[in-house]
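First comes the structure, then the notes that go with it.
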Amino acid sequence: MSEEKPTPTRKYTSDLWTVDKFVQSWAKHSHYETWAEFWSAMNSDCNEVCGLDIPPVQLQARLRICTKHLANKGYQAPPFPKRPKKVPPPTLADAVALAGLQKIPGWKPPKAKDAET
Numbered sequence: 158m159s160e161e162k163p164t165p166t167r168k169y170t171s172d173l174w175t176v177d178k179f180v181q182s183w184a185k186h187s188h189y190e191t192w193a194e195f196w197s198a199m200n201s202d203c204n205e206v207c208g209l210d211i212p213p214v215q216l217q218a219r220l221r222i223c224t225k226h227l228a229n230k231g232y233q234a235p236p237f238p239k240r241p242k243k244v245p246p247p248t249l250a251d252a253v254a255l256a257g258l259q260k261i262p263g264w265k266p267p268k269a270k271d272a273e274t
């Protein structure tokens with residue numbers, strides 16, 4: 158009996174979505190004003206061409222690289238919306254501020270124990 162090896166999951170790489178098809182898709186979808194709409198349209202085209210989704214971070218990186226290369230060749234790259242920054246989860250300080258908690262009057266932090274004990 159031979160054991161079946163699991164097939165590796167394919168991931169998006171830029172060579173799967175050729176530069177000509179990528180730039181055509183980019184120009185076609187450059188009218189979108191929000192990143193969500195733009196990424197959705199670009200991802201749909203990517204999926205149609207190579208059967209895979211393009212992660213938003215990889216799309217942004219490829220757009221920036223292509224923009225730079227096009228500028229170096231004297232071409233104006235199609236516009237694309239900014240990708241929103243990931244919002245970090247609230248911190249304890251944020252929670253304290255939202256709850257309106259007050260410090261205990263006269264409170265002092267406990268002293269650290271001696272390292273020799």
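Positions in the sequence shown are counted from 1; adding 157 to them yields the working numbering.
Glycine residues also receive a C-beta, built at the ideal position from the N, C-alpha and C atoms.
Starting from residue 188, trace the alpha helix (DSSP H) in both directions and tell me its first and last residue.
Here residue 188 is taken as the residue at index 31 of the sequence shown, counted from 1. Run containing residue 188: none; DSSP gives neither H nor E here.
Helix, strand or coil for residue 178 per DSSP?
In the sequence shown, residue 178 corresponds to position 21, counting from 1. Looking at residue 178 - three-state DSSP - the assignment turns out to be helix.
Quick one: which unbroken alpha helix (DSSP H) runs of 4-plus residues sit fully inside the region 248-272? Chain order, please.
You should have 249-256.
Identify whether residue 238 lies in helix, strand or coil by the three-state DSSP scheme.
Along the sequence shown, read from residue 1 onward, the residue named residue 238 stands at position 81. DSSP places residue 238 in coil when its eight states are reduced to three.
On the premise that residue 212 lies in contact with residue 169, defined as a C-beta separation below 8 Å, what is that separation, rounded to the nearest angstrom?
On the sequence shown, residue 169 is found 12 positions in, with the first residue counted as 1. On the sequence shown, residue 212 is found 55 positions in, with the first residue counted as 1. With a Cβ gap of about 7 Å, residue 169 and residue 212 count as contacting.
Does the distance from the CB of residue 202 to the CB of residue 182 come in under 7 Å?
Translated into positions along the sequence shown, residue 202 becomes position 45. Translated into positions along the sequence shown, residue 182 becomes position 25. Yes, the Cβ-Cβ distance between residue 202 and residue 182 is below 7 Å.
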